[in-house]
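Chemist:
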Amino acid sequence: MRPVRFNVHPKEASIAEAISMGVAPDGVSGDGFFATQLSSVVGLARKNSLWPLPFATSCCGIEFMATMASHYDLSRFGSERVGFSPRQCDLLMVMGTIAKKMAPVLRQVYIQMAEPRWVIAVGACASSGGIFDTYSVLQGIDQVIPVDVYVPGCPPRPEAIIDGFMKVQDLVGQESIRRRNSEQYKALLNSYGIQ
Amino acid sequence: MALSNEFIQEQLVNKFGDQVFQFSSANGMLSFESSKDLNLKVLQFLYDEPSLGFTFLTDLCAVNYPDNVGGELVVVYHLHNLKENVRVRYSIATAVATPDVFTASKLFEAANWMERETYDFFGVNFVGHPNLKRILNVDEMDYFPLRKEFPLEDQTRIDKDDEMFGRG
Numbered sequence: 049m050r051p052v053r054f055n056v057h058p059k060e061a062s063i064a065e066a067i068s069m070g071v072a073p074d075g076v077s078g079d080g081f082f083a084t085q086l087s088s089v090v091g092l093a094r095k096n097s098l099w100p101l102p103f104a105t106s107c108c109g110i111e112f113m114a115t116m117a118s119h120y121d122l123s124r125f126g127s128e129r130v131g132f133s134p135r136q137c138d139l140l141m142v143m144g145t146i147a148k149k150m151a152p153v154l155r156q157v158y159i160q161m162a163e164p165r166w167v168i169a170v171g172a173c174a175s176s177g178g179i180f181d182t183y184s185v186l187q188g189i190d191q192v193i194p195v196d197v198y199v200p201g202c203p204p205r206p207e208a209i210i211d212g213f214m215k216v217q218d219l220v221g222q223e224s225i226r227r228r229n230s231e232q233y234k235a236l237l238n239s240y241g242i243q
Numbered sequence: 136m137a138l139s140n141e142f143i144q145e146q147l148v149n150k151f152g153d154q155v156f157q158f159s160s161a162n163g164m165l166s167f168e169s170s171k172d173l174n175l176k177v178l179q180f181l182y183d184e185p186s187l188g189f190t191f192l193t194d195l196c197a198v199n200y201p202d203n204v205g206g207e208l209v210v211v212y213h214l215h216n217l218k219e220n221v222r223v224r225y226s227i228a229t230a231v232a233t234p235d236v237f238t239a240s241k242l243f244e245a246a247n248w249m250e251r252e253t254y255d256f257f258g259v260n261f262v263g264h265p266n267l268k269r270i271l272n273v274d275e276m277d278y279f280p281l282r283k284e285f286p287l288e289d290q291t292r293i294d295k296d297d298e299m300f301g302r303g
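Here the protein sequences line up with chains A and B, keeping their order.
Whatever position you read off the first sequence (first residue = 1), add 48 for our numbering.
Whatever position you read off the second sequence (first residue = 1), add 135 for our numbering.
(1) Hey, does B/Lys150 have any beta-carbon neighbour from chain A nearer than 7 Å?
(2) In angstroms, rounded to a whole number, what distance separates the CA positions of B/Ala232 and A/Leu236?
(3) Hey, quick one: how far does the beta strand (DSSP E) through B/Ser169 stretch, first residue to last?
(4) Given that a residue counts as buried once 16 or more other Cβ atoms are within 10 Å of its Cβ, and exposed if not, what is B/Met299?
(5) How about the stretch 283-298 of chain B and the stretch 247-262 of chain B: do they share at least three Cβ pairs that are nearer than 8 Å?
(6) Quick one: list the residues of chain A neighbouring B/Leu192, beta-carbon separation under 8 Å, in chain order.
(7) Give the C-beta separation of B/Ile227 and B/Ser170 to the nearest angstrom, bearing in mind that I take them to be a contact with Cβ-Cβ under 8 Å.
(8) Pull up the CB-CB distance for A/Met141 and A/Phe82, whole angstroms please, since I reckon it's below 8 Å.
(9) Can you confirm whether B/Arg292, when its beta carbon is compared against all beta carbons of chain A, has any partner nearer than 7 Å?
(10) I want to see whether chain A comes within less than 7 Å of B/Pro280, judged by CB atoms only; does it?
(11) Given that B/Gln273 touches chain A, what residues does it touch there, using C-beta distances under 7 Å?
(12) Measure the beta-carbon distance from B/Gln146 to B/Leu187 and round it to whole angstroms, keeping in mind my assumption that it falls under 8 Å.
(13) Going by C-alpha to C-alpha distance, which of A/Cys173, A/Arg135, A/Ile168 sits closest to A/Gln156?
(14) To which residues does DSSP link B/Ser160 through a beta bridge?
(15) How about A/Gly126 and A/Leu92: are their beta carbons less than 7 Å apart?
(16) Comparing the C-beta of A/Thr182 with each C-beta of chain B, is any distance below 7 Å?
(17) Below 9 Å on C-beta distance, what does A/Gly171 contact in chain B?
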């Protein structure tokens, strides 16, 4: 028998157990106040409201569609709004084979995104060129833009994409708000010829 | 009257004599060759001659035979008679050192992009083509990737172990 039921008779009496709250950062709390670092609060807000920009070129993009849809439901992680304008998005998700002719386009999309920005390479092709070891395919998008998280698989299952997304959330949550001004970060972008 | 391969061959031999050669019929499709200087004359004859009427260029491509010295690059034309539904395959060979072939783009509009593609992948220089530049590959590419002298694999790869890819 299929587990069909109506919302008027919820299985759990209380929905409180189904809601997970964000973990409060370390800080000093007292009677009516809570003091913590600004970067922790900003990190908490950023990691739970990432706007992904899907750059889907092949089968990994199909897996992402499943990830985004109701069954796997990426919006549980705060990315309710999947944006299709690089100006509005924080997280570039590159899914699929990137041909060398597409590389300048991908780079342009990355440059158009505002700081702070993060990148996930989903699948073998975006990470390393995959099985397409050939003259026309870019051997990994990290040849043209910096990448934060690589998700292996050909294509990865939605669970793997969600795992990669949560890894990015960890990065975002722990990141100092000044990291983007750091010498290391500038050197990284300079090595890609950006800025 | 159905257009038979023997009739097409007879017409070509009557017109060009022994300048067209290597006639064969693989799977019922007539194939023949000529020298590369003659390509436009042969294509025009196949187009204009009322009893032949090959007015449609289905495909144009090249093949690289590195061991065939003096004719390393072969340009292949596939022509179609739409009324009789008959196809022929016509090829010309050129040396890889002087890959100059007259363009068919004045006769067939379809040849424009297909010659650009053939130039892109094999470096065949179509003399008289209105816009002979790369069409599918990146503009910065400085070689012709489907020539056998160049490896198929991407030479910028750094993390792929040759042994894992069966070429160790």
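We treat Cβ as the ideally placed atom computed from N, Cα and C, and that holds for glycine.
Modeler: Taking the structure as given:
(1) Residue 150 of chain B sits at position 15 when you count from the first residue of the second sequence. Among the residues facing chain A, B/Lys150 is not included, as its CB has no counterpart in that chain under 7 Å away.
(2) As a working note, residue 232 of chain B is residue 97 in the second sequence. As a working note, residue 236 of chain A is residue 188 in the first sequence. Near 44 Å, if we compare the C-alpha coordinates of A/Leu236 and B/Ala232.
(3) The count along the second sequence starts at 1 and reaches residue 169 of chain B at position 34. Unbroken beta strand (DSSP E) run through B/Ser169: 164-169.
(4) By one-based count along the second sequence, residue 299 of chain B stands at place 164. Under this definition B/Met299 is an exposed residue.
(5) no
(6) The residue you call residue 192 of chain B lines up with position 57 of the second sequence. Residues of chain A passing the Cβ test: none, with the nearest at roughly 25 Å.
(7) By one-based count along the second sequence, residue 227 of chain B stands at place 92. By one-based count along the second sequence, residue 170 of chain B stands at place 35. Contact between B/Ile227 and B/Ser170 is confirmed by a C-beta separation of about 7 Å, below the 8 Å threshold.
(8) Numbered from 1 along the first sequence, position 93 holds the residue referred to as residue 141 of chain A. Numbered from 1 along the first sequence, position 34 holds the residue referred to as residue 82 of chain A. With a Cβ gap of about 34 Å, A/Met141 and A/Phe82 do not count as contacting.
(9) Here residue 292 of chain B refers to the residue found at position 157 when the second sequence is read from its first residue. Under the 7 Å criterion on CB atoms, B/Arg292 is classed as interfacial with respect to chain A.
(10) For this step, residue 280 of chain B is matched to residue 145 along the second sequence. So yes, B/Pro280 belongs to the interface.
(11) For the purposes of this step, residue 273 of chain B is taken as the residue at position 138 of the second sequence. The question names Gln, but residue 273 of chain B is Val in the sequence shown. Per Cβ cutoff of 7 Å: Lys148, Lys149.
(12) Mapped onto the second sequence, residue 146 of chain B falls at position 11. Mapped onto the second sequence, residue 187 of chain B falls at position 52. Contact flag correct, Cβ pair sits at about 6 Å.
(13) Within the first sequence, numbered from 1, the residue matching residue 156 of chain A stands at position 108. When only C-alpha atoms are compared, the closest one is A/Arg135.
(14) For this step, residue 160 of chain B is matched to residue 25 along the second sequence. B/Ser160 is bridged to B/Leu165.
(15) Numbered from 1 along the first sequence, position 78 holds the residue referred to as residue 126 of chain A. Numbered from 1 along the first sequence, position 44 holds the residue referred to as residue 92 of chain A. It is not a contact, given that the beta carbons lie outside the stated cut-off.
(16) Looking up residue 182 of chain A in the first sequence gives position 134. Put simply, the CB of A/Thr182 is near chain B, with a gap under 7 Å to one of its CB atoms.
(17) If you number the first sequence from 1, residue 171 of chain A lands on position 123. Neighbours of A/Gly171 on chain B: none; closest Cβ ~15 Å, over 9 Å.
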